[in-house]
Every structure is written in structure tokens, then in C-alpha cells.
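Residue 29 is where the sequence shown starts when you use my numbering, and the numbers rise one by one after that.
Structure first, commentary second.
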Amino acid sequence: MTTIVPDAYGYGRIVKDKKGNIEKIVEQLDATEDEKKISEINTGIYCVNTPFLLSALKKIENKNNKQEYYLTDIVEIARRERCKAHAYVTKDYIEVMGINTPDELIRAGKYLK
29 MTTIVPDAYG
39 YGRIVKDKKG
49 NIEKIVEQLD
59 ATEDEKKISE
69 INTGIYCVNT
79 PFLLSALKKI
89 ENKNNKQEYY
99 LTDIVEIARR
109 ERCKAHAYVT
119 KDYIEVMGIN
129 TPDELIRAGK
139 YLK
């Protein structure tokens, strides 16, 4: 699941090809300047075929700036293996906003009132 946000700073960007197919999800620290301009972001909500997921998890590498294993790499693995990956874009980013800081918690609380 993805969404469009007014400020994508800090979020993983959804990189698509010219036909609109998802190529990969790239994290802020690993994004190129062009990728940082993308406003469609990863919400962290996935629906994945279990056998594919179990296979893909074994193929995730930590070749990124944080040397972390990103679950989001399964999208690129799916593309390499010619498996379909689709994005459902939510209409309202507020419905899927992340809460990672005290400020974001306060902001989310305002929307719930």
C-alpha cells in the first residue's frame, strides 16, 4: 500500500517504470536526487504470497547505507523473478500516516479528534 504525501522526507519512495509498474522501494538515505523528488511513499502495509515471501526473505542483503536488511527489498526481488507487484495508492495519506516521533504522535492525535 502506498500514498502520496506533501513532504516525503524520511520515507521510502516508490520507484516506478515508465508504464507505472513498481521497480523498487528506495529508502531516504539510499535515494538519488531524482528519487528524493518522488512523493509516492511506502506505508509499510503489505499483502504478500507466503511462499514467495519466505523465499524472498532469504535473498535480502544489507547492501545499503545503513547496512540494514530492508523488507522493502522484496519488491525488487519480485521484479527480478518476474513476479507481479502492485501498489494500492490510498486517497488520504492521513489514514496511513506513520508515528515515529512525539511530534508525529501529537499530529496524529489532532486528526483523531
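Beta carbons are placed, not taken as given, at the ideal position from N, Cα and C, and that holds for glycine.
Please state whether DSSP places residue i in a helix, a strand or coil.
{"i": "valine 103", "result": "helix"}
{"i": "arginine 41", "result": "strand"}
{"i": "threonine 78", "result": "helix"}
{"i": "lysine 141", "result": "coil"}
{"i": "valine 124", "result": "helix"}
{"i": "glutamate 132", "result": "helix"}
Got a sec, what are the start and stop residues for the beta strand (DSSP E) residue i sits in?
{"i": "isoleucine 88", "result": "Premise fails: isoleucine 88 is in no beta strand (DSSP E) and is neither H nor E."}
{"i": "isoleucine 32", "result": "30-32"}
{"i": "valine 54", "result": "50-54"}
{"i": "isoleucine 73", "result": "It is not in any beta strand (DSSP E) - isoleucine 73 carries neither H nor E in the DSSP assignment."}
Can you name the start and end residues of the alpha helix (DSSP H) that residue i belongs to?
{"i": "glutamate 63", "result": "61-64"}
Which residue's Cα is closest to the Cα of residue i: the options?
{"i": "tyrosine 74", "options": "Glu51, Leu140 and Leu99", "result": "Leu99"}
{"i": "glutamine 56", "options": "Glu123, Arg108, Gly38 and Asp62", "result": "Gly38"}
{"i": "glutamate 51", "options": "Ile134, Arg108, Val117 and Lys141", "result": "Arg108"}
{"i": "valine 76", "options": "Val103, Ile32, Gln95 and Lys64", "result": "Val103"}
{"i": "glutamate 68", "options": "Pro34, Lys86 and Ile88", "result": "Pro34"}
{"i": "serine 83", "options": "Ala106, Ile32 and Asn49", "result": "Ala106"}
{"i": "histidine 114", "options": "Ile32, Thr31, Asn49 and Asp45", "result": "Asn49"}
Distance check for residue j and residue i, CA to CA, integer angstroms please.
{"i": "valine 43", "j": "lysine 138", "result": "31 Å"}
{"i": "aspartate 101", "j": "leucine 81", "result": "11 Å"}
{"i": "asparagine 70", "j": "lysine 141", "result": "25 Å"}
{"i": "glutamate 123", "j": "lysine 94", "result": "28 Å"}
{"i": "threonine 146", "j": "glycine 72", "result": "Look at the range of the chain in this structure, 29 to 141, and you will see that residue 146 is not part of it."}
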